[in-house]
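Here the sequence shown is numbered in the numbering used here, starting from 1 and rising by one per residue. Everything on this sheet refers to the single structure shown next.
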Amino acid sequence: MKRLFLLALFCWPFTACPAPSDIATDVQSPPKSNPCAEDNGGCGDPAIFQCEDTDADTALCKYDYTEDWRALTKNVRQIDHGQSWPSTLVAYGPSSFPVVSFAESQRAFVAAARVGEGKAMHWGHDTYLQNPSAATDDSAQLLRNAIDWMGQEETPIIGVPPGMTNLASFFGQLNFPVVDVAPSDVAIVDIYITEIDDDWSQADQEHLQAFVREGKGLITAGHAWWWRYENPEPLEEFSGNQILKGTGIFIGDDFGEPGAHAVPEEPPSPLFQATLGLAALDAHQQETAPLPQEEIAMAANTVAHAITHLPLSETDYFDAVAAFVDTLNFPPITPQDPLIPEQDPLRLLASRAESKWAQHDLVTHVMAHPSASAFPGPLTDGAQPVDHTVMVNATYTGRSSDYMYSGPNEPRWESTGYYAAAGQSVRVTVGEDVAGEGLDLLIGSHTDQLWEKETIDRFPQVTRSFPIESSITEIRSAFGGLIYVRIPGGSALGDLTVSLSGGYLAPLYVHGETTVTDWQNTIRQYPAPWAELASDKFILTFPADLARTLDNPDEIMDFWDEIMDSSADLEGIPHERARPERFVLDQQISLGWMHSGYPLMAFTIAHQEFIDLDYIFTESIWGPIHEIGHNHQLRHWLLPGTTETSCNLWSTYLTETVLEMSLDDNETLAAPAREERITNYLTGGPNFEEDWNVWVALDTYLQLKERFGWDFYKTLFTLYRSLDDHEIPYTDQARIDLWVIKSSEVAGYDLSEFYLAWGLPITPSAIEEVQHLPDWDDHPMLDYD
């Protein structure tokens, strides 16, 4: 055969060569030997590596993790991480495997791998290494088993970082030699055990990578989700993932449920290993090894999780994913043909893969996604790209994280009035001094991700951002969208000139700058499918089809400015805002009918509540102003059970003051409903923990307003913002006590008896602190004695 190959190679590309059949008549091919016949083909222990004969001269060694898993989990039946939240892990390498998984999701939080002659293991939280001797579950046993599995010596030398005294003591009590050693000196030990939550130097990361490759054992523990919260860098830059590079284990930035998780007696299915799960799905798709629907869902969930977390630099894996997805043929996601993950896990997997490429692939590789024509939608016919220059304000003081429902850590979006078409590049140019200052560019307004919805009516993730790292940035999106410059808190760059080319104009009305005539005659006809009405207090993003029928943007924005100014009045803050609140209408949102945050979100079909003044003043707009209330809630005065209550102080205040509607017109807040609700709450004694919430708690707040007026809350909220650091409450009980004290001071009365009548648990010290004030001897709860 070799002679035939050489002849064929020599003759090509000449046309006068003899035919292969002529050559073969003179050659007798020797019988092919079985490479697996001796010494398991060199694969190693046949209990762990299966040798398979192939058409090639070398054997194929297939890893079976069964025996390794049994060795690790001997006498291990339960792992309990209490209230800790471990990261999920992806086991995707040729010899990596899940060890212990979350009960519900079946995603691993402990994984292990063979790496040549070395071995590695990762735990998804560092709590397991804090004090193994005190463990009440089987985590100490699992750790002990790992030493036996990894140790090539009968009594391996164990290394731990300086300071991990409890861990060192645990192994010392087991009669192992233990050495305090830094990563740079791990060569002197056989097994190294360390936490990896903190950033490590590149040199230390490389020391540990080499340590495993040289045949040693490495046990690491730590989660990545907090690192992701604080760092915009790609997840592969997390030091834990750098250390584990080459092991086939990757630490995800999500987490599973806390508590106890059983360890089964049999090893996890290969469908829970990302590479094996993908191979099984491919065999199913090729009809060589069909899977039942339950196992399709298991494997698809595993692969989708891997796609979500692994970086595209894992080219072997993503090449295999691409080949598999190419065998699938799903229609665009629309309301008429929605994605229902439980019914079609393969369609969900394909969407995950397409989203990964749309979000992270090189800009030049990004193409228009088929779903983009359905959402966010097409440009108008005949649209032509134009150059555009806009001035944006790149100074933003930021927002206190204590406004926790308002998206306080989000950068402020600056609208450009410019649209990127799906799959088309836009060039953005800024001054040299802007590069590297933390600003970025966002394509698309609809930042809600829909992956967790039971029914998905549009593609689940349609926005993409790009850091501004040089004066010119090329951006492109598979879905298209309005373009924003995003300004992080703390930025003080002042006014910036931003030039854009390759995109299209979008309808943008700027209150106080755009004339109604220009809007009606020109701007609302711009070709982008999404439009915005904007002021320095409020911005609305909504379909351009609706904008093109809108004649009175000035009146609409006058109304919303009044809403925002009145909202500021209730909180006792200036009318000028560091950022306008944004409301984005969307075909489908991630949570509820509307939700708070930045941006606030609502369904497109609720558009009348935003742009139809006749509807607004006739039907009320409880939903939008309820969410605006959420964005004004301050952690310090948010009592337990009142997340969905105190925001309605804004709903009721704005209903009365701006909409000039009576609360009696609201069936839920009319006097008969309130009387019945309070009576029911008090029957059998008030149950604060179970029942003092939403409408019941609002009745409490409204009784205070009805006696002391809205100024009571304006003064109280102002007082809270002036608290000294030592006064800020950090527990529910402290918040209750402080509310009783401060509200009594503002009212000028001892309100403790009123709150006790409602069942609030007040400490004696708080009651004592307000006893110097006159009693509120006619409070409304006396009527229910």
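Don't be surprised by glycine CBs; every beta carbon is placed ideally from N, CA and C. Since the structure is predicted, the reported quantities are computational estimates derived from the model, not experimental observations.
As assigned by DSSP and simplified to three states, the class of residue i
i	result
Leu97	As written in the sequence, residue 97 is Phe, which differs from the Leu given in the question. Phe97: strand per DSSP, three-state reduction.
Gly118	strand
Thr194	strand
Val27	A caution first: Val27 carries a pLDDT of 43, below 50, which makes its placement in the model too unreliable to give a value.
Met391	strand
Trp123	strand
Thr136	coil
Gly759	coil
Gln771	coil
Thr652	helix
Val694	helix
Leu508	strand
Tyr396	strand
Trp226	helix
Ala274	helix
Gly684	coil
Leu782	helix
Val303	helix
Ser415	strand
Tyr63	strand
Thr541	strand
Ile48	coil
Val76	coil
Ala210	helix
Asp664	helix
Leu218	strand
CB contact flag (residue i, residue j, <9 angstroms)
i	j	result
His122	Leu167	no
Asp137	Ala260	yes
Ile468	Pro341	no
Ile628	Ile563	yes
Val207	Asp253	Looking at the sequence provided, one finds His at residue 207 rather than Val. Not a contact, by the Cβ cut-off of 9 angstroms.
Thr275	Pro94	yes
Trp758	Pro672	no
Asp440	Phe466	yes
Tyr419	Pro529	yes
Gly215	Gly116	yes
Trp695	Tyr653	no
Gln733	Ser752	no
Ser596	Gly407	yes
Ser445	Pro599	yes
Leu312	Asp361	yes
Leu450	Gln588	yes
Residues near residue i in its chain [Cβ-Cβ closer than 7 angstroms; skip 5 each side]
i	result
Val181	Gly159, Ile188, Val189
Ser21	Reliability fails at Ser21, whose pLDDT of 36 lies under 50, so the model's placement of it is uncertain and the value that follows must be treated cautiously. Result list for Ser21: empty, nothing under 7 angstroms.
Phe14	Low confidence applies here, because Phe14 scores a pLDDT of 26, under 50, leaving its location unreliable and the question unanswered by this model.
Met661	Ser620, Thr655
Cys647	His626, Gly629, His630, Gln633
Tyr65	Phe97, Pro267
Arg77	Asp138, Ala262, Val263
Phe754	Trp776, His779, Met781
Cut-off 6 angstroms between Cβ atoms - residues of its own chain near residue i, not counting five sequence neighbours on either side
i	result
Asn557	In the sequence as presented, Asn is not what sits at residue 557; that position holds Met. Contacts found: His511, Leu533, Ser535.
Pro527	Leu379, Thr380, Ala383, Tyr504
Ala606	none
Val788	Residue 788 lies beyond the range of the chain shown here (1 to 785); nothing can be said about it.
Gly417	Ala506, Leu508
Asp126	Glu195, Asp197, Ala221, Gly222
Spatial neighbours of residue i in its chain, beta-carbon cut-off 8 angstroms, leaving aside the 5 residues before and after
i	result
Pro774	Gly748, Tyr749, Asp750
Tyr396	Pro411, Arg412, Ile487, Pro488, Gly489, Gly490, Ser491, Ala578, Arg579
Met391	Asp495, Leu496, Thr497, Val498
Just list the beta strand (DSSP E) runs in the stretch 460-504, keeping only unbroken ones of 3 residues or longer that don't cross its boundaries, in chain order.
464-467, 472-475, 481-487
Whole beta strand (DSSP E) elements within the stretch 426-465, 3-residue minimum:
426-429, 440-443
Can you list the alpha helix (DSSP H) stretches of 4 or more residues lying completely in the stretch 146-206, in chain order?
165-173
May I have a chain-ordered list of the alpha helix (DSSP H) segments no shorter than 4 residues that lie completely inside the stretch 314-387?
315-325, 345-360
Stretch pair the stretch 489-506 + the stretch 411-428: three plus CB contacts closer than 8 angstroms:
Touching, yes.
Quick check: the stretch 732-743 against the stretch 772-780, are there 3 or more CB pairs under 8 angstroms?
no
Alpha helix (DSSP H) runs wholly inside the stretch 700-742, at least 4 long, in chain order
Under the rule that a run must span 4 or more residues, the alpha helix (DSSP H) segments found entirely inside the stretch 700-742 read 710-721.
Within the stretch 550-606, ranges of the beta strand (DSSP E) (whole runs, at least 3 residues)
Fully enclosed beta strand (DSSP E) runs of 3 or longer: 581-586, 600-603.
The stretch 592-611 / the stretch 466-485 touching (three or more Cβ pairs under 8 angstroms)
no
Three or more beta-carbon pairs under 8 angstroms between the stretch 474-492 and the stretch 356-368, yes or no?
yes
Count the C-beta pairs between the stretch 666-685 and the stretch 587-598 that are closer than 8 angstroms, then say yes if the count reaches three, no if not.
No: the two stretches stay apart, fewer than three of their Cβ pairs being nearer than 8 angstroms.
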